[in-house]
Amino acid sequence: MENSTEDYRIQSFDLDTQVLLKTALKDPSAVNLEKVSNIIVDQSLKDQVFSKEAGRICYTIVQAEAKQSNGNVFRRNLLNRLQQEFKSREETRARSLQEWVCYVTFICNIFDYLKVNNMPMVALVHPVYDCLMRLAQPDALMNEEEVDCLVLQLHRIGEQLEKVNGPRMDELFFLLRDGFLLQEGLTSMARLLLLEILEFRAGGWMLSSTAHKYYYSEIAD
Amino acid sequence: MSEWTRDRRRDAHRSQHDERCRRSGPSQWSHCRKRGIDGSLRANREAEGCDRENGRHTDNSYRHSDNRHSSFTTPESAGPVSRCGRQADWGSQVEDDEMRRGVHRDMQRYRRRILGAEVTQRERKTSSGSSGSCDSREGENIETDEAVLLRRQKQINYGKNTLAYDRYIKEVPKHMRQPGVHPKTPNKFRKYSRRSWDQQIKLWKVKLHAWDPPTEDGRDNLLDNIEELGLDDVMDIELDFPTLSDSQNAPAALSTHSLSLEGEDCLGTPVKIQKTETTAESDTV
Numbered sequence: 001m002e003n004s005t006e007d008y009r010i011q012s013f014d015l016d017t018q019v020l021l022k023t024a025l026k027d028p029s030a031v032n033l034e035k036v037s038n039i040i041v042d043q044s045l046k047d048q049v050f051s052k053e054a055g056r057i058c059y060t061i062v063q064a065e066a067k068q069s070n071g072n073v074f075r076r077n078l079l080n081r082l083q084q085e086f087k088s089r090e091e092t093r094a095r096s097l098q099e100w101v102c103y104v105t106f107i108c109n110i111f112d113y114l115k116v117n118n119m120p121m122v123a124l125v126h127p128v129y130d131c132l133m134r135l136a137q138p139d140a141l142m143n144e145e146e147v148d149c150l151v152l153q154l155h156r157i158g159e160q161l162e163k164v165n166g167p168r169m170d171e172l173f174f175l176l177r178d179g180f181l182l183q184e185g186l187t188s189m190a191r192l193l194l195l196e197i198l199e200f201r202a203g204g205w206m207l208s209s210t211a212h213k214y215y216y217s218e219i220a221d
Numbered sequence: 001m002s003e004w005t006r007d008r009r010r011d012a013h014r015s016q017h018d019e020r021c022r023r024s025g026p027s028q029w030s031h032c033r034k035r036g037i038d039g040s041l042r043a044n045r046e047a048e049g050c051d052r053e054n055g056r057h058t059d060n061s062y063r064h065s066d067n068r069h070s071s072f073t074t075p076e077s078a079g080p081v082s083r084c085g086r087q088a089d090w091g092s093q094v095e096d097d098e099m100r101r102g103v104h105r106d107m108q109r110y111r112r113r114i115l116g117a118e119v120t121q122r123e124r125k126t127s128s129g130s131s132g133s134c135d136s137r138e139g140e141n142i143e144t145d146e147a148v149l150l151r152r153q154k155q156i157n158y159g160k161n162t163l164a165y166d167r168y169i170k171e172v173p174k175h176m177r178q179p180g181v182h183p184k185t186p187n188k189f190r191k192y193s194r195r196s197w198d199q200q201i202k203l204w205k206v207k208l209h210a211w212d213p214p215t216e217d218g219r220d221n222l223l224d225n226i227e228e229l230g231l232d233d234v235m236d237i238e239l240d241f242p243t244l245s246d247s248q249n250a251p252a253a254l255s256t257h258s259l260s261l262e263g264e265d266c267l268g269t270p271v272k273i274q275k276t277e278t279t280a281e282s283d284t285v
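Here it is in C-alpha cells:
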C-alpha cells in the first residue's frame, strides 16, 4: 500500500530535508542513511506531531533499504540512537518534559511500526515498559502531559505489549490503580484519563459502548 | 568453562541489566519465558533474572549454551566475541533476533520439505543410494543446534552479501544450475563436522569469485592482482601446474595481496595457494 507523502507528516521539515527524506524512501542507497536517521530522531524529539507518526516513515525506509541492498544501516542507526536517548532519559526529563514525552511517543511508535517478521522487536519491549513505568510514577502523574502521553501509548500499543510481557503490564497497572486511588493533587483530568485506561484494559483493550459514551460523547458533539 | 567463571560472568551480565531487572522471582519470569521466541513450548527452565539477550539460555544445567554463546559472532566482528564484550546495542540485538527467527523458519520449511521427500521415497520403494547424503534419511539427521545454525547462517550471509553472488543469481537461475559447475550454497541443516563445514564454505566462496564484477578498465581482477604483485615476468613463464590457469582457484589465490611470490619457489605449491583465501601466506614454501 502506497502512503502518500502527507502520511509521513514531513511538512515540518525544511524543503531540502523533505527532498532528502523523499529520496530516502524511494532510493535509499542514494542518501546517507545514518544522517537521515539522525534527522528523523532529532525532529521526533522536538515535534510532537511528528513523533506520533514517525514510525511509518521509518518503516518504509527500512523496507526500502532491505529490498534494495539487503542493508540494515538505517535501522541499526535508528535503534542505537534510540538506545542512547533511552540511557539519558532521566536527564532529558529533568531538562524538558516536552522532549521526554516526545521521546516516549517516538519509541512507542517505532515499537508499533517496526516489526521483525511481523513480531515486535524484542529488544524494545523492556525499554518501552521502563518508559511507561516512569510515566506512572507519582511525580509524573502530577503532570497532565505525562499522563496524557501514558494513556495514549497504552491505547496504541497496550495490547501488543501485554502479549509479549503480561507480568510487566500487570505491574504497570498496579501503579496506575494506586495512582488513581491514592495520589493526592491529581487533576480531575488526570484522574479521568487514568480511570478510562483502567476500564479500557479491563475490557480487553477496548471500551464498551456505554463507557465510550461516558468518556467521549462530549467530543463527538 | 568452569562453574565459577560462568557464574561470575553471569553476575556481571546481570548487573548490566539491573535497571530493568526490578522484578525478581523465577515464577514470574519463567511464566514469561515458557515459550521461545518462535512460540514453541520449551521445557521448564529455571529463570535467572532478566537475561534477555541470552533469551532462553539461563538454565544452570544448560552449561553448553554458555560455551556456545562465547563463540557468537556479530556481523562486524571478525571472530568470536567474548560474552562480556558482547553487543548490548539494540541494533545488534534486533539483527540477531531477526536471524534467529529466520533460521527457525528455515528449519520448519526444511523439515516439511524433507518429510515430503521421505513420503515420496517410501511410496516409490526405491532404495536410497549413498548413506548420509540422501534426503530421505535426513529427517533423523538434521542439525538442530541453534548456535551452530546461527554461526553457519552468518557465514552464508557473508558469502551472499557480495556483488559476486548478486551477479551469479541474476545470471544463472536456480533451475539452470549444473551441479559441479555452478556454486551451491552449503546446506546448513546437514550434519557436518566443523572443519568439513568451514571447508565447504571456503570452496563455495572461492567458486563465487568467478562472478566478481570486472574492474573499470575492463580487465578482470586476476590480471590486476598479478601486476600489483609484480608477477608479469613470472606469468610469462610456461607453467606446468594447473593452479594459475584454473579459473576457479586463481582469483582466490591471487586476490590475497599479502601473498609474496618469489621466483620459482612458490610455483610448486598449488595446494597451499588454494588454501589462502583470506590468510596471509607470506612464508609459502
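Listed in order, the protein sequences are those of chains Z and B. If you read the first sequence in UniProt numbering, its first letter stands for residue 1, the second for the next number, and so on. If you read the second sequence in UniProt numbering, its first letter stands for residue 1, the second for the next number, and so on. Here a beta-carbon is modelled for each residue, glycine too, at the ideal position from N, C-alpha and C.
Assumed close pair residue i, residue j - CB separation to whole angstroms, cut-off 8 Å
i, j, result
"residue 56 of chain Z", "residue 113 of chain Z", "6 Å"
"residue 146 of chain Z", "residue 116 of chain Z", "Incorrect: roughly 29 Å between the Cβ atoms, too far for contact."
"residue 204 of chain B", "residue 159 of chain B", "6 Å"
"residue 69 of chain Z", "residue 44 of chain Z", "The Cβ separation is near 25 Å, so there is no contact."
"residue 52 of chain Z", "residue 105 of chain Z", "6 Å"
"residue 41 of chain Z", "residue 81 of chain Z", "5 Å"
"residue 153 of chain Z", "residue 90 of chain B", "18 Å between Cβ atoms; not a contact."
"residue 179 of chain Z", "residue 192 of chain Z", "About 13 Å separates the two Cβ atoms, so there is no contact after all."
Residue i, enclosing alpha helix (DSSP H) - first and last residue
i, result
"residue 127 of chain Z", "122-135"
"residue 156 of chain B", "146-160"
"residue 169 of chain Z", "166-182"
"residue 34 of chain Z", "33-46"
"residue 188 of chain Z", "188-202"
"residue 222 of chain Z", "There is simply no residue 222 of chain Z to check, as chain Z begins at 1 and stops at 221 in what is shown."
"residue 199 of chain B", "194-208"
"residue 84 of chain Z", "73-87"
"residue 10 of chain Z", "First-last for residue 10 of chain Z: undefined, no H or E at that position."
"residue 167 of chain B", "163-171"
"residue 138 of chain Z", "138-141"
"residue 16 of chain Z", "15-26"
Separation of residue j from residue i, as counted between CA atoms
i, j, result
"residue 165 of chain Z", "residue 143 of chain Z", "27 Å"
"residue 96 of chain B", "residue 104 of chain B", "12 Å"
"residue 149 of chain B", "residue 172 of chain B", "27 Å"
"residue 14 of chain Z", "residue 46 of chain Z", "14 Å"
"residue 184 of chain B", "residue 118 of chain Z", "30 Å"
"residue 166 of chain B", "residue 177 of chain B", "15 Å"
"residue 168 of chain Z", "residue 162 of chain Z", "8 Å"
"residue 257 of chain B", "residue 215 of chain B", "With a pLDDT of 41 at residue 257 of chain B, under the threshold of 50, the modelled position of that residue is not reliable, and the figure given next carries that caveat. Whole-angstrom Cα-Cα distance: 16 Å."
"residue 62 of chain Z", "residue 72 of chain Z", "7 Å"
"residue 48 of chain Z", "residue 206 of chain Z", "25 Å"
"residue 107 of chain B", "residue 141 of chain B", "13 Å"
"residue 100 of chain B", "residue 119 of chain B", "29 Å"
"residue 214 of chain Z", "residue 203 of chain Z", "15 Å"
"residue 39 of chain B", "residue 151 of chain Z", "Since pLDDT at residue 39 of chain B reaches only 46, below the 50 mark, its modelled position is unreliable, and the value read off the structure follows with that caveat. If I take the Cα positions, the gap works out to 29 Å."
"residue 18 of chain Z", "residue 123 of chain Z", "30 Å"
"residue 183 of chain Z", "residue 216 of chain Z", "24 Å"
"residue 16 of chain Z", "residue 54 of chain Z", "18 Å"
"residue 202 of chain B", "residue 111 of chain B", "26 Å"
"residue 191 of chain B", "residue 208 of chain Z", "56 Å"
"residue 212 of chain Z", "residue 134 of chain Z", "27 Å"
"residue 11 of chain Z", "residue 93 of chain B", "33 Å"
"residue 52 of chain B", "residue 121 of chain Z", "Note that residue 52 of chain B scores a pLDDT of 43, beneath 50, so its modelled location is shaky; the value from the coordinates is reported in the next line. C-alpha separation (whole angstroms): 12 Å."
"residue 158 of chain Z", "residue 147 of chain B", "33 Å"
Selected residue, minimal CA-CA separation from residue i, among the options
i, options, result
"residue 37 of chain Z", "Z:211, Z:78 and Z:183", "Z:78"
"residue 58 of chain Z", "Z:69, Z:131, Z:39 and Z:187", "Z:39"
"residue 149 of chain Z", "Z:192, Z:126 and Z:132", "Z:132"
"residue 97 of chain Z", "Z:63, Z:187 and Z:140", "Z:140"
"residue 199 of chain B", "B:181, B:161, B:170 and B:155", "B:155"
"residue 66 of chain Z", "Z:80, Z:8 and Z:26", "Z:26"
"residue 75 of chain Z", "Z:24, Z:153, Z:95 and Z:87", "Z:24"
"residue 189 of chain B", "B:109, B:92, B:98 and B:93", "B:109"
"residue 125 of chain Z", "Z:111, Z:178 and Z:136", "Z:111"
"residue 8 of chain Z", "Z:93, Z:109 and Z:85", "Z:109"
"residue 164 of chain B", "B:175, B:174, B:206 and B:186", "B:206"
"residue 193 of chain B", "B:170, B:180, B:174 and B:145", "B:145"
"residue 88 of chain B", "Z:60, Z:135 and Z:127", "Z:127"
"residue 136 of chain Z", "Z:158, Z:177 and Z:160", "Z:177"
"residue 143 of chain B", "B:92, B:98, B:93 and B:186", "B:186"
"residue 98 of chain B", "B:182, B:153 and B:213", "B:153"
Any chain C beta carbon closer than 8 Å to residue i
i, result
"residue 177 of chain Z", "Checking the listed chains, one finds no chain C in this structure; the protein chains it contains are Z and B."
beta-carbon residue i near the ligand HEM non-hydrogen atom, thresh 7 Å
i, result
"residue 46 of chain Z", "The ligand HEM is not part of this structure, which contains no ligands at all."
Indicate whether the contact test is met: 3 or more Cβ pairs, each with one atom in the region 84-104 of chain Z and one in the region 106-119 of chain B, closer than 8 Å. no
Should the region 192-200 of chain Z be regarded as contacting the region 158-178 of chain Z, the criterion being three or more beta carbon pairs within less than 8 Å? yes
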